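Note sheet for the following structure.
Protein chains: 2
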Amino acid sequence: MSVAYDVLNDDDTYHHGNLRDELIDTAVDVIGREGVAALSLRALARDLGVSHSAPTRHFKNKAELLSAIMEEAYEDMLTTTVDAGYLAGDNPVHRLRAMARACMRWHVDNRALSEVIRNPDVSRTAGRNVKEVLAAFYIHSSRAILGAQGQSRNPDRPVEFVYLSMIVSVVGAASVLTDPVYVETLPALDADELIDDMVDHLFPLKDG
Amino acid sequence: MSVAYDVLNDDDTYHHGNLRDELIDTAVDVIGREGVAALSLRALARDLGVSHSAPTRHFKNKAELLSAIMEEAYEDMLTTTVDAGYLAGDNPVHRLRAMARACMRWHVDNRALSEVIRNPDVSRTAGRNVKEVLAAFYIHSSRAILGAQGQSRNPDRPVEFVYLSMIVSVVGAASVLTDPVYVETLPALDADELIDDMVDHLFPLKDG
DNA sequence: CTATTAATGTGGATGCTGACAACATGCTAT
DNA sequence: ATAGCATGTTGTCAGCATCCACATTAATAG
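Order-wise, the sequence lines are chains A and B.
Take 2 as the starting number for the first sequence in this note's numbering and just add one per residue.
Take 2 as the starting number for the second sequence in this note's numbering and just add one per residue.
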């Protein structure tokens, strides 16, 4: 009894074919433009020309969609950061600096994803996957930190604290650099300069 | 004791008497327990034993309520930080350290308020008031930073960058210390220790 | 002290959203 | 071919934000 459909969509197949991925993509799009609060499963479905409850097949609810985005985001952040470390060569200090810089840049370059993983309402739903990624992140980072400490950078500061300083700086920079209030309040806030400045003070090139 | 209770119990007055303030209070309560996403004007109205559209008289919509909370939060954060600076005495380094520590503590001690002012969906609605508070915050901070630089702390680093480092550390620490994922992932994460450690590295007591 | 007005709270209506259930379609393997 | 499964559709319901007309109280002017 589906003649009505053919009138509505001429060349459309019944199945969308790639709904899950496109849901995530357009969701990230919407978040980047209007924020997490503006996200609506029904609006997403409309945008993709699909019935209002089609997303249910892929994400039981809104929290699950955001959770999936968070997982992908964390994985992307991890690989980006670790890759930058390896590309930086063998000098431990250079490697650590490259990792910190890459991680900060990732947040600035992926505003929407960063906003999602920094959202408490989302991170409250984090599962084992996310925690494993963060554990891996900690391992990679602490290895690099130990290497840099071998070159007399903060040699007697506990590794966990150095790691936390890095994370805190990254997350804080992401918050400040993407927050419209700070961006408007502070004159000439250039992301690259701030990132360089912070990395220099976290892990200085010269001995301190 | 409070008027609200009498209204709830038997002495049914038509007017609530203090609805605006109690809306804010219980909203902060809810946010602290369940997060911003769980906030609902109707649920607030129910909790306060008032009709579902009574809040409209005080806040046109949810965004306006959150905006009001943000304003109060910023003001509270400013005065707490500035007061701590004055109480720390005349030594500029001590003063700056006290301010940074107080600001971090404020975020940790006021999880819900901190969550609100770090929420991009909320800060997008920030008005002149909030921006003026932040401008005042910058003035107070940069004065303290200039004083500390007179004692050879980061003497040739631009004031704005030192200020931003402080803000970034504060905001980042707030994010990390209140994020369940990080709290669970990292072993024995003590807020006080981390704050002390970060303040020591931001504004060291000894010359560096 | 009273009458008028502004502030505050009520109740109902509408439209959007999340969530669930029953049904339809197309792919794949046997 | 056909059974089973993944995917998409329609229908429905409850919760919520928001708007509106109306009721009650508080404040104030005369």
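Note that beta-carbon positions come from the ideal geometry of N, C-alpha and C, so glycine has one too.
Fair warning: this is a prediction, and the values are worked out from it, not measured in the lab.
Checklist entry - Pick from A/144, A/60, A/159, A/103: whose alpha carbon is nearest that of residue 24 of chain A? => result As a working mapping, residue 24 of chain A is identified with position 23 in the first sequence. Out of A/144, A/60, A/159, A/103, A/60 has the C-alpha closest to the C-alpha of residue 24 of chain A.
Checklist entry - What's the call for residue 57 of chain A, buried or exposed, on a 16-neighbour Cβ count within 10 Å? => result Within the first sequence, the letter at position 56 stands for residue 57 of chain A. The residue is exposed, with fewer than 16 neighbouring Cβ atoms inside 10 Å.
Item to check | Endpoints, alpha helix (DSSP H) assigned at residue 119 of chain A | outcome: Position 118 of the first sequence, counted from the first residue, corresponds to residue 119 of chain A. Element bounds for residue 119 of chain A: n/a, residue is neither H nor E.
Item to check | Whole-number beta carbon distance between residue 184 of chain B and residue 132 of chain A, since they are thought to touch under 8 Å | outcome: Within the first sequence, numbered from 1, the residue matching residue 132 of chain A stands at position 131. Within the second sequence, numbered from 1, the residue matching residue 184 of chain B stands at position 183. In fact, because the Cβ distance is near 11 Å, the residues do not count as touching under 8 Å.
Item to check | Neighbour-count burial assignment, residue 121 of chain A, 16 or more Cβ in a 10 Å radius | outcome: For the purposes of this step, residue 121 of chain A is identified with residue 120 of the first sequence, where counting begins at 1. It counts as buried.
Item to check | residue 86 of chain A versus residue 69 of chain B: straight-line alpha-carbon distance, rounded | outcome: As a first step, residue 86 of chain A must be located in the first sequence, where it is residue number 85. As a first step, residue 69 of chain B must be located in the second sequence, where it is residue number 68. Between residue 86 of chain A and residue 69 of chain B, the C-alpha separation is close to 44 Å.
Checklist entry - Checking contacts by CB at 9 Å: is residue 49 of chain B closer than that to chain A? => result Sequence index remark: in the second sequence, residue 49 of chain B carries index 48 (1-based). No, residue 49 of chain B does not count as interfacial toward chain A.
Item to check | Proximal residues to residue 130 of chain B (C-beta, below 7 Å), its chain only, five neighbours per side dropped | outcome: The sequence position of residue 130 of chain B within the second sequence is 129, counting from 1. The answer, listed in chain order, is 72.
Checklist entry - Does DSSP put residue 204 of chain A in a helix, a strand or coil? => result Here residue 204 of chain A corresponds to residue number 203 of the first sequence, with the count starting at 1. Reduced to three states, the DSSP call for residue 204 of chain A is coil.
Checklist entry - Relative to the alpha-carbon of residue 149 of chain A, which residue among A/204, A/34, A/172, A/55 has its alpha-carbon at the smallest distance? => result Indexing the first sequence from 1 puts residue 149 of chain A at position 148. Ranking the options by Cα distance to residue 149 of chain A, first place goes to A/204.
Checklist entry - CB residue 154 of chain A to CB residue 94 of chain A, shorter than 9 Å? => result As a first step, residue 154 of chain A is located in the first sequence; it is residue number 153 there, counting from the start. As a first step, residue 94 of chain A is located in the first sequence; it is residue number 93 there, counting from the start. Cβ distance < 9 Å, so residue 154 of chain A and residue 94 of chain A count as in contact.
Item to check | Interface residues of chain B facing residue 127 of chain A [CB-CB closer than 8 Å] | outcome: For this step, residue 127 of chain A is matched to residue 126 along the first sequence. Residues of chain B passing the Cβ test: 181, 182.
Item to check | Any alpha helix (DSSP H) of 4 or more consecutive residues that is wholly inside the region 23–111 of chain B | outcome: 42–48, 63–88, 93–110
Checklist entry - Closest to residue 65 of chain B by CA distance: which of B/178, B/124, B/170 is it? => result Here residue 65 of chain B is taken as the residue at index 64 of the second sequence, counted from 1. Ranking B/178, B/124, B/170 by Cα distance to residue 65 of chain B puts B/124 first.
Checklist entry - By a C-beta neighbour count over all protein chains shown, 10 Å radius and 16 as the cutoff for buried, is residue 147 of chain B buried or exposed? => result On the second sequence, position 146 is the one that residue 147 of chain B refers to. Looking at its Cβ environment, which holds fewer than 16 other Cβ atoms inside 10 Å, residue 147 of chain B is exposed.
Checklist entry - Can you give the Cα-Cα distance for residue 194 of chain B and residue 115 of chain B, rounded to whole angstroms? => result The residue labelled residue 194 of chain B in the question sits at position 193 within the second sequence. The residue labelled residue 115 of chain B in the question sits at position 114 within the second sequence. Roughly 20 Å separates the two Cα atoms.
Next on the checklist: For a cutoff of 9 Å on Cβ pairs, would you count residue 156 of chain A as touching chain B?
Outcome noted: The residue you call residue 156 of chain A lines up with position 155 of the first sequence. No, residue 156 of chain A lies away from the interface with chain B (no Cβ there is under 9 Å from its Cβ).
Checklist entry - For residue 40 of chain B versus residue 28 of chain B, is the C-beta distance shorter than 9 Å? => result Walking along the second sequence from the start, residue 40 of chain B turns up at place 39. Walking along the second sequence from the start, residue 28 of chain B turns up at place 27. It is a contact, given that the beta carbons lie within the stated cut-off.
Checklist entry - Residue range of the alpha helix (DSSP H) that residue 166 of chain A falls in? => result One-based indexing of the first sequence puts residue 166 of chain A at position 165. 160–179 is the span of the alpha helix (DSSP H), which, as asked, contains residue 166 of chain A.
Checklist entry - What did DSSP end up calling residue 148 of chain B once you bin it into helix, strand or coil? => result By one-based count along the second sequence, residue 148 of chain B stands at place 147. Helix, per DSSP.
Checklist entry - Between residue 164 of chain A and residue 163 of chain B, what straight-line distance do the alpha-carbon atoms span, to the nearest angstrom? => result The residue you call residue 164 of chain A lines up with position 163 of the first sequence. The residue you call residue 163 of chain B lines up with position 162 of the second sequence. In a straight line, the C-alpha of residue 164 of chain A is about 20 Å away from that of residue 163 of chain B.
Item to check | Residues of the region 164–176 of chain B with Cβ closer than 9 Å to any Cβ of chain A, in chain order | outcome: 164, 165, 166, 168, 169, 170, 171, 172, 173, 174, 175, 176
Checklist entry - Looking at the structure shown, is residue 153 of chain B part of a helix, part of a strand, or coil, going by DSSP? => result Counted from its first residue, the second sequence places residue 153 of chain B at position 152. Note: residue 153 of chain B maps to coil in three-state DSSP.
Checklist entry - Excluding the five sequence neighbours on either side, which residues of its own chain have a C-beta within less than 8 Å of the C-beta of residue 200 of chain A, listed in chain order? => result For the purposes of this step, residue 200 of chain A is taken as the residue at position 199 of the first sequence. Around residue 200 of chain A: 98, 101, 102, 105.
Checklist entry - Taking the C-alpha atoms as reference points, what is the distance between residue 42 of chain B and residue 63 of chain B? => result One-based indexing of the second sequence puts residue 42 of chain B at position 41. One-based indexing of the second sequence puts residue 63 of chain B at position 62. Cα to Cα, residue 42 of chain B sits roughly 7 Å from residue 63 of chain B.
Item to check | Separation of residue 169 of chain B from residue 119 of chain A, as counted between CA atoms | outcome: As a position in the first sequence, residue 119 of chain A is number 118, starting the count at 1. As a position in the second sequence, residue 169 of chain B is number 168, starting the count at 1. Between residue 119 of chain A and residue 169 of chain B, the C-alpha separation is close to 14 Å.
Next on the checklist: Just to confirm my understanding: we take residue 172 of chain A, look at its own chain, exclude 5 residues before and 5 after, and list those with CB closer than 7 Å. What are they?
Outcome noted: Counting from 1 along the first sequence, the entry for residue 172 of chain A is found at position 171. Cβ within range, chain order: 119.
Item to check | Contact under 9 Å by Cβ, residue 33 of chain B with residue 113 of chain B | outcome: As a first step, residue 33 of chain B must be located in the second sequence, where it is residue number 32. As a first step, residue 113 of chain B must be located in the second sequence, where it is residue number 112. Yes, Cβ-Cβ distance for residue 33 of chain B and residue 113 of chain B is below 9 Å.
Item to check | CB contact below 9 Å: residue 6 of chain B versus chain A | outcome: Counted from its first residue, the second sequence places residue 6 of chain B at position 5. Note that residue 6 of chain B scores a pLDDT of 36, beneath 50, so its modelled location is shaky; the value from the coordinates is reported in the next line. Not one chain A Cβ lies under 9 Å of residue 6 of chain B.
Next on the checklist: So the candidates are B/190, B/18, B/135, B/160; which of them puts its Cα closest to the Cα of residue 75 of chain B?
Outcome noted: As a position in the second sequence, residue 75 of chain B is number 74, starting the count at 1. The candidate whose alpha carbon is nearest that of residue 75 of chain B is B/135.
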